[in-house]
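Residue numbering for the sequence shown follows the numbering used here, beginning at 7 and increasing consecutively. C-beta atoms are modelled at their ideal positions from N, C-alpha and C, and glycine is treated no differently. Shown next, in structure tokens, is the structure this report addresses.
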Amino acid sequence: MADSTAADSTESIAASAVIEDGAVIGANVTIAAGAVVRAGSVIGDNCVLQENCVVGKPPVLGSASTARSEVATAILGAEVSVLAGAIVFAGAELADGVIIGDHAIVRENVSIGRRSVVGANVVVENETTVGQRVKIQTGAYVTAQMIVEDDVFIAPAVVTTNDNTMGRHAANEVNRGPILRRGCRVGAAAVLLPGVTVGEEAFVAAGALVTRDVSPRMLAMGSPAREIRKVEAATTES
Ligand SMILES: CC(C)(COP(=O)(O)OP(=O)(O)OC[C@H]1O[C@@H](n2cnc3c(N)ncnc32)[C@H](O)[C@@H]1OP(=O)(O)O)[C@@H](O)C(=O)NCCC(=O)NCCS
């Protein structure tokens, strides 16, 4: 294990940071005290890794886990920020300008598109794809095998699910996370059941329990959520 060796004169790496062998550190990268960059991780130019974050952590899977055990290395584009205490697993890919908030967790085989923001205490589980300019706010739970398209907004404490059997299905059955289509918004503390699709520019009201697909540009509310009206055109992006 190599400790904080500067490969470029513009880097700022704290003495207590740990950079494992084979990690590739770009130009002008800041790595704060206690941060750990695991072997093979790729850190792009101008990235900021704050105190005690971990990049490239390999997953430890339970014996019954259906998650893939083979993972690549973590790859961070340019100008990515991983804030204090956050964990980015091996096999995660963060595009340019992504921000991972304090104590957030991004699991293996997740990809996150340009300029998306993952808030504090958010968890993004394995195999999930997040598009560009997505906002995932504090404490949201983004389950495995989800698709989150560009410009989606996920409010604080949203919970998404992917397994109606709660672990009692055959090993070869794949979990189905929700699909959030481009530009949809999901309000605070909404719960999305496995496999539902929220359509383009749709609006899920705060506290809704989404059991069925929500049509594009419709506002769904309540438990179970019902489509009650069209989203006002003035508040949609197209
Ligand atoms: C959908 C929303 C915008 C309210 O819509 P609205 O049409 O302005 O609703 P109103 O306040 O006029 O209320 C209309 C009725 O719906 C009810 N209602 C409002 N919001 C509701 C909700 N989320 N779930 C269930 N019922 C709701 C009201 O109690 C009211 O019922 P009543 O007529 O029997 O009194 C709001 O509920 C919401 O989800 N906001 C998103 C907040 C959020 O999560 N932001 C994230 C970033 S902080």
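Judged by DSSP in its simplified three-state form, Thr36 adopts strand. Contact annotation: Leu67 and Thr36 have beta-carbon atoms that are not nearer than 8 Å. Secondary structure remark: continuous beta strand (DSSP E) runs of at least 3 residues inside the stretch 81-157, in chain order: 93-95. Those residues whose C-beta sits under 7 Å from the nearest heavy atom of ligand 1 are, from N- to C-terminal order along the chain, Gln143, Ala161, Pro162, Gly193, Ala194, Phe209, Ala211, Ala212, Gly213, Ala214, Leu225, Met227 and Gly228. Under the three-pair Cβ rule at 8 Å, the stretch 223-231 does not count as touching the stretch 160-179. Taking each of Ala196, Ile160 and Ala211 in turn and checking the Cα distance to Arg187, the smallest one comes out for Ile160. Residue state for Ala208 is assigned as coil, using DSSP reduced to three classes.
Going by beta carbons, Ile142 and Val124 fall inside the 8 Å limit. About 18 Å separates the beta carbon of Gly183 from that of Ala163, a gap too long to meet the 8 Å contact definition. The Cβ-Cβ distance between Val104 and Val86 falls below 8 Å.
Rounded to the nearest whole angstrom, the C-alpha separation of Val204 and Ala21 is 47 Å. Non-local beta-carbon contacts of Lys63 in its own chain, meaning distances under 7 Å to residues more than five positions away in sequence, involve Arg44, Ile93, Phe95 and Ala96 in chain order. Excluding its 5 nearest sequence neighbours in each direction, Arg235 has C-beta neighbours in its own chain below 6 Å: Leu225, listed in chain order.
About 17 Å separates the Cβ atoms of Gln138 and Gly107, ruling out a contact at the 8 Å cut-off. Here Ser18 is bridged, per DSSP, to Thr36.
Following the DSSP letters along the chain, one finds Val60 inside the beta strand (DSSP E) bounded by residues Val60 to Lys63. Beta bridge pairing from DSSP links Arg232 with Met227. It is roughly 26 Å from the alpha-carbon of Gly193 to the alpha-carbon of Glu114. Using a Cβ distance threshold of 8 Å, Thr167 and Leu198 count as a contacting pair.
A straight line joining the alpha-carbon of Ala78 with that of Val237 spans about 41 Å.
The beta-carbon separation of Glu17 and Ala38, rounded to 12 Å, does not stay under the 8 Å limit for a contact. Here DSSP, grouped into helix, strand and coil, assigns Thr167 to coil. Within the DSSP secondary-structure output, Thr203 pairs in a beta bridge with Ile185.
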